[in-house]
Amino acid sequence: MSTTTLIADRSEKLETRRSQVAAPTKRRTRRYQWLRALPFLMLHVAVVTVFLVPVTVTAVALFFATFVLRTFGLTGGYHRYFSHRAYKTGRVMQFILAWIGCSALQKGPIWWAAHHRKHHRESDQPDDVHSPVQDGFWWSHIGWILDESSEQAPVELVKDLTKYPELVWLDRHYWLPGVVLAVLCWLIGGWSGVVWGFVLSTVCLYHTTFMVNSVCHLFGRRRFETPDQSRNNLFVALLTMGEGWHNNHHYYQSSANQGFYWWEVDFTYYILKGLSAVGLIWNLRKPPERVLKLGLQKDREQKNRLQPTDVAAQDKLAEATNPAT
Ligand SMILES: [Zn+2]
Ligand SMILES: [Zn+2]
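Residue numbers for the sequence shown follow my numbering, beginning at 52 and rising by one.
Structure below.
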């Protein structure tokens, strides 16, 4: 295949991809609820207190422990279990997962899963609740959470969750596990424990989670041609324990692992495997063989499409070293 054909083929593919994503329509009206957002904003301001309290080993350990535990609550609980049903578990474990997820102060499992299912239905289309393609980076990262429009979740999409009264109760009192965590941090590590294990950890967790909505629809590699702009991003995958393999996830949503191959690090899945080994969860869903084969084929195609540059460079080198030919 000639270089020209390859480049033409590549442009055609890019054009197809662009046409799959609806162009940004009329900008939505922003109605930020600043009063409602006050606790969220105050937590950000409170981060400065890290300079006012002594840095103790206990406080730093609390930071890592609460960050990892709550990241898992969101990724393994809210996302892969409540939103996508990627595995099965019992009612007690379901409540524990919901409680850990709530302690991240990103609202309740019903609210979270409802908005997330809507995101997959409308991904990067005008009705997507947090699309950076439609509404810009700021909106997809933070704006939509502060906006009046996100207050009511589309609960008709989560009837499988609203049938559990304990989940409905927790969803209403979603702030409770966060308060319990803050008190525990105080009991274990004093004010340093609260500042590192609760304030700093919660704010870091906000932004690593939000990066999946913003960064992973803008920056990274697209393996699968999904009808959206989802991307695989190693940096976000490391920060979020595996959620950065977002293009994989948009292509095959119900899988318990979002890193499809051994080199795509996915700590959430490793923990899920551990929980499954001890019988706390079961029936972990995996992508079928055809999806894995297609992914490898796409990788090969993308690698081959990079060839023209190499060929041109080799031609130039050949010309330079054999001027007579
Ligand atoms: Zn998802
Ligand atoms: Zn997405």
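No residue lacks a Cβ here, since even glycine has one placed at the ideal position from N, Cα and C.
In summary, S174 is buried, with 16 or more beta-carbon neighbours lying within 10 Å of its beta-carbon over all protein chains present. In this chain, the alpha helix (DSSP H) harbouring F118 covers 108–123. Ranked by Cα distance from W220, the first of I161, H130, R351, A116 is I161. For H170, the shortest C-beta to heavy atom distance toward ligand 2 is below 7 Å. Here the alpha carbon of V98 sits roughly 18 Å from the alpha carbon of F261. Fewer than three beta-carbon pairs drawn from the segment 137–152 and the segment 168–183 are found closer than 8 Å, and the two stretches are therefore not classed as touching.
Contact check for F114 against S252 passes: the beta carbons are separated by less than 8 Å.
With a threshold of 16 other beta carbon atoms within 10 Å, V266 meets it and is buried.
Ranked by Cα distance from L289, the options C153, V119, H130 are led by V119. Here DSSP, grouped into helix, strand and coil, assigns K139 to strand. Contact annotation, I332 with Y138: C-beta distance approximately 5 Å; criterion of less than 8 Å satisfied. Within the model, the alpha-carbon separation for F311 versus P338 is close to 8 Å. For the 8 Å CB-CB criterion, V316 and G293 form a contact. Residues of the same chain with their beta carbon placed closer than 7 Å to that of R87 are lacking, with the five preceding and five following residues left out of the count. For K349, same chain residues with a beta-carbon under 7 Å away, outside a window of 5 residues either side, are R274, F275 in chain order. Distances from the CB of S305 to the heavy atoms of ligand 2 are all 7 Å or more. Boundaries of the alpha helix (DSSP H) harbouring Y320: 318–328, taken from the DSSP string.
With respect to T117, T291 sits apart: the two C-beta atoms are not nearer than 8 Å. Secondary structure of R274 (DSSP, three-state): coil. Between Y129 and W163, the gap from beta carbon to beta carbon is short of 8 Å.
The shortest C-alpha to C-alpha distance from V246 to any of Y83, R79, T109 is the one to T109.
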